[in-house]
Each structure stands twice: as C-alpha cells, then as structure tokens.
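Note sheet for the following structure.
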Amino acid sequence: MVQRLRPRGPSPLSSRTAAPATARSTDRWSARGIASVALPGALVLILATVIATRTPLWRDEIASLSFAQLPLPDLLSAVGHVDAVLAPYYLLSSAGQAVLPGAVGLRLPSVLAAALTATVVAVIARRWWGDAAALAAGIMVGLNPLSLQLAATGRPYALATLFVALALLAMTTATGPRGAPRRDVLPWAGYAAAVAAAGLMHLFALLALPAFAVLAASRRVLGRWLLASAAAVTVVVPVALLAASQSAQVAWIPRPDPRSAAGTLASTLTYRREGAFERPELVAVAILLVVGVVTVTLTLRMPRPARARELALLACSLTLACGPWAILLAISVTATPYLRTTYLAPGVIGWGLLVGAAAARLGTWQSGRSAVRRAVAIIVVAAPVVSAAAFSAPVLAQEWRVDDFPGLAQRLSGEVAAGDTMLVVQLYNEVGVASGVARAGGDEGWVSALQSDLTTGTQPVISVRRVDSADPLHTTAKEDGDTERAWVIYTRGAFTPGEARRALADSGCGDAMLGPEESFGILRLIPARCP
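The opening position of the sequence shown corresponds to residue 1 in full-length UniProt numbering, with each subsequent residue numbered one higher.
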C-alpha cells in the first residue's frame, strides 16, 4: 500500500507567509498567526514592567506627577503658565492618579501603550505581508531601545506612538487588504480619532501625516484621507495655539549641526544619548541600510501589479521612519530648533515595518531554494532585531535614568544639618528639579509649597531653603540672615561657579568657599562654606 505523504509546512520565511496580504492570509487566524502578533506585545509588557518597577522617576516624570496630583482647577491654572502642550496628557495622568496614585499609576499607561503598539504593528505587518513579517516587525518595535525606554517613562511619547500605530491600522482597514477602498465610514472615523489622540498626546506625532498621505495616494483615497485628517487636526489646533504662547520652554534645544542632526535620527535605533553619532550609531544605520537596499531590490524584481503595491508600502514605512526627522530638521535649521530624538518616537513603527517587509521579501526569495539562501535571509532579518536587543540591554540594567535623585538624597542625608542653606536652581523648562529634591528627601512641606508655586506660576529660578531638620529633611523658605554652610543643586549646563557665588552671596553666604562639584546623573551638587 502506498502511503500518501503530506507536504511539509512552510518555513518561518516561506513564500506563503511572505506573500502580499490577501483575504485568505489575513482574515483567518491560525495559532501561528495569533502568536506572531501576541508575542511582541507580551515581550514588551514584561521588559517595560521590569524597567518601570526598578527605576526611580527622573525630573520630567516628576513634573508629570506634580501636574497630575493637582486638583483639576489648579491643573488647568498651572498649564496656563507652563507645559500647555502637555495639558491633555496631564489630564489623562490626573485621572490615572485618582485610580492608582504614585509612580506606578504614572508609568502604567506608557507600559500598556508600548505593549499594545508592538501588537498593533505586528497586526499591520500581518495584514500587509503575513505571519513572518508580523513577528519580525513587532519584535523590532518592541526591542527598539527608544521605544522600550519610553515604555517605562511617565511621559506622553509611548501613548502618542500607540495612536499613530492605531491610525495606520485604521487606514489599512479603511482601504481594504487589496488596496480597494471600502465604503465603510467607521474605519475612517477611527483613523481621525487616532490621529487626533496622537496629536493631543504630542503635537509632533502629527508629523506622521505625510506617511499616511503616501499610503492614501497609493490606494487612491486622497479625498477621504484629507477630510479625515483635517477633522483630526482641527481638534488639536487649540492645544497648538496655546502651546505657541509658551515657546520659551524649548529655548534650551540647540540648533543642530550635521553630526548632531544625523545622530538624532540614528539615536532612534540606539538611544544611547541625545545626538550621538559614533561607531554604535554607524553600525545600527548600516544594518538598516543593508536591510532597506535588499528589500527594495527584491521588491523591484516582483511582477508589476504586486511591485507597485509593495513599493507603496515600503515608501509609507520609510516616510514614517525618516519623514518627521526631515521636517523637524528643516524647521530647526531655518527657524526654531525642535530636533530631539524623543520627538521622533513614532518613527520606530516605520523601522519595524521595514524589517517586516524584509522578512516578507526574503521569505519569497529563499523559499524552496538552497540552505545558503535560507541562512542569508535569516541573518538579514535577524541582524536589526539583534542590534536593537543589544542596545536595549543597558536600559534593562540601568539603576536610574538621567537624574539620580536617590543618590543625591543619600549624599545629603549624611552631611546636611540644621541651619544649613540649600539653593536649588530650576530653569523655566525644568519643572521637576526642585520637586525631585524635595520628594527624594521626604520634605512634604516643601513639596506642598512647590505644588502651590506650580499652580500660580511663581516658582523661582533659585529656591533658597533653610534646613530646620535633617532626619527627616524639613526645610522652610529662608529669610535674610547669615549661614555657615550651603548646598547648591542644579542641572548640568544650568549654572556656573560664578553664578553660584553670586546666588550664595545674595542668600547670606558671602565670599563662599566652593567645594568640588559632584555629579548624580545630570544633577550637580556643590558644597560651600561661608566664612
């Protein structure tokens, strides 16, 4: 009797999983399909939770917490003085604090948003290319060091990135799997809502619109896209106008030079430090460049109808990854500098989709061929994912981010004494410095005073406090009078020794003898003796 042999199932990079999306390949969910979109989100959820629970808040997050802990009328008053651009996020955080107070409640929305983003990107890649592409794209986004760091940060970037991903998914649904526009209004309404939510979380998330325009043009739905996008932008305009009146908040951003400009884009792949463009960034960019060239080359070899569709998806992905950077660079060079890596956070979606496209094209290229081709395909797809994981490893190991408030508090607890003077420098754009020092030291009275100052917009650049007790720390606003010892706390670049001497003299410490500067992340501490 002749036994009928079953054909072997496709490999992870097979032509079936790598084929362009069809109703059959995207509407039926197999166990492998479910795993391809669930695993990236689960991975991010675990990693971001680990980071969020072991890393103390830094000053921008303390600013978020300070706003979120205000009563609603006080919150609305506070954003009239500073941080109006983040008012929608602070309102959301305020609601979160009512349910789960403290750092956990502040960071939880970002953790969940980042996990959902990885899943949504995987769903998009599966709709476009199949299961293998979904897994590759989702993991690439989930392990991206910028995405992972912001996932554990109480700021709006992870939420803005999620809404950009949801907008792209809604557009994919609205235009149908084969590119034929659907007549349903609901997907377009979902797209408009997602774009509006992204813009409310962070204005620069709207820089994803050119990438959406590329997809709309390829689907011949520019009219529908324009109407939905206009409705979304209209919702965001009031926040943009209010934020424009507080432009001094971004006055600290330097105008980019060629190296820092390139580094800002490269840092979306490495996120070691702002504007870095050294060997690690060169390696990360080179890997993505190879992946992009290989993917475009293989796409150009496809039959004409499929090739046009795939090139449009590639163009959308690359525009999403690089378009916001190009726009902010042009604005920063010709007008006001705005170029910062965190402002480009939604671009990680584009990098993930590029890797997903590579998995799709290389899956077709190696299917049924030699083991050498299969090895090449796996290496090319795995290289950017492994690179992202390598750059994310330090994020998991870090003890603090940017500001080491616990270290500063520990240093002061062993030295500061009743009668000492503390000077804390907090620039206009650094709402969380003084509050971070007060919270780390456990000075609840000082925290309350700072909350009142935040509401009225009267926080001084230099807070002068007299230490009443050191264990626990308790300070009061210093009146006129001499002091024997002082402690100057500021952030790197915000103060100079000469300015420290003048500030000390104004507080009753003339001819101060400054001790060596000590560093606690970006925070700086100068001990001083007053003759």
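Heads up, the beta-carbon is just placed ideally off N, CA and C, and yes, glycines get one too.
Residue j beta carbon less than 7 Å from that of residue i
| i | j | result |
| --- | --- | --- |
| V214 | T319 | yes |
| A137 | L353 | yes |
| L207 | I331 | no |
| V488 | A418 | no |
| L523 | D443 | no |
| P40 | A122 | yes |
| A113 | L162 | yes |
| L473 | G441 | yes |
| G361 | L289 | Residue identity check: residue 361 is Arg in the sequence provided, not Gly. Not a contact, by the Cβ cut-off of 7 Å. |
| G263 | A284 | no |
| L427 | A494 | yes |
| A196 | V235 | yes |
| A160 | M201 | yes |
| L143 | S392 | yes |
| I253 | P346 | no |
Residue burial classification, residue i (beta-carbon count within 10 angstroms, cutoff 16)
| i | result |
| --- | --- |
| W225 | buried |
| E310 | buried |
| A18 | Here A18 scores only 41 on pLDDT, less than 50, and its place in the model is too uncertain to base an answer on. |
| F520 | buried |
| L166 | buried |
| P258 | exposed |
| V461 | exposed |
| L525 | buried |
| A31 | exposed |
| T117 | buried |
| G356 | buried |
| Q398 | exposed |
| E518 | exposed |
| I349 | buried |
| R59 | buried |
| R28 | exposed |
| R24 | With a pLDDT of 40 at R24, under the threshold of 50, the predicted position of this residue should be treated as unreliable, though the coordinate-derived value follows. Classification for R24: exposed. |
| G407 | buried |
| L70 | buried |
| V464 | buried |
| P394 | exposed |
Three-state secondary structure (DSSP) of residue i
| i | result |
| --- | --- |
| I489 | strand |
| S448 | helix |
| D74 | helix |
| A330 | helix |
| residue 548 | Past the edges of the chain, shown from 1 to 531, lies residue 548, and the structure says nothing about it. |
| R255 | coil |
| W325 | helix |
| E499 | helix |
| S147 | helix |
| Y157 | helix |
| D83 | coil |
| residue 595 | Residue numbering for the chain in the displayed model covers 1 to 531; residue 595 lies beyond these limits and cannot be assessed. |
| G356 | helix |
| T264 | helix |
| V416 | coil |
| P305 | helix |
| T341 | helix |
| V402 | coil |
| T270 | helix |
| S25 | Because the pLDDT of S25 is 45, which lies under 50, any placement of that residue in the model is unreliable, and the question is left without a value. |
Residues that residue i bridges to, as DSSP identifies them
| i | result |
| --- | --- |
| R465 | M422, A477 |
| M513 | R529 |
| L523 | T491, F520 |
| A470 | L473 |
Extent of the continuous alpha helix (DSSP H) to which residue i belongs
| i | result |
| --- | --- |
| I62 | 59-68 |
| F520 | Here F520 belongs to no alpha helix (DSSP H); instead the beta strand (DSSP E) covers 518-520. |
| L143 | 131-143 |
| I378 | 371-397 |
| S413 | 405-413 |
| L288 | 279-300 |
| S94 | 87-99 |
| S36 | 31-54 |
| L209 | 209-219 |
| A248 | It is not in any alpha helix (DSSP H) - A248 carries neither H nor E in the DSSP assignment. |
| L226 | 222-244 |
| A438 | 432-441 |
Residue range of the beta strand (DSSP E) that includes residue i
| i | result |
| --- | --- |
| R107 | It is not in any beta strand (DSSP E) - R107 instead sits in the alpha helix (DSSP H) that spans 103-128. |
Closer than 6 Å: residue i CB and nearest the ligand ATP heavy atom
| i | result |
| --- | --- |
| G419 | The ligand ATP is absent from the structure shown, which contains no ligand whatsoever. |
Min CB distance residue i to chain D below 7 Å
| i | result |
| --- | --- |
| A31 | Annotation note: the requested chain D is absent from the structure, which comprises a single protein chain. |
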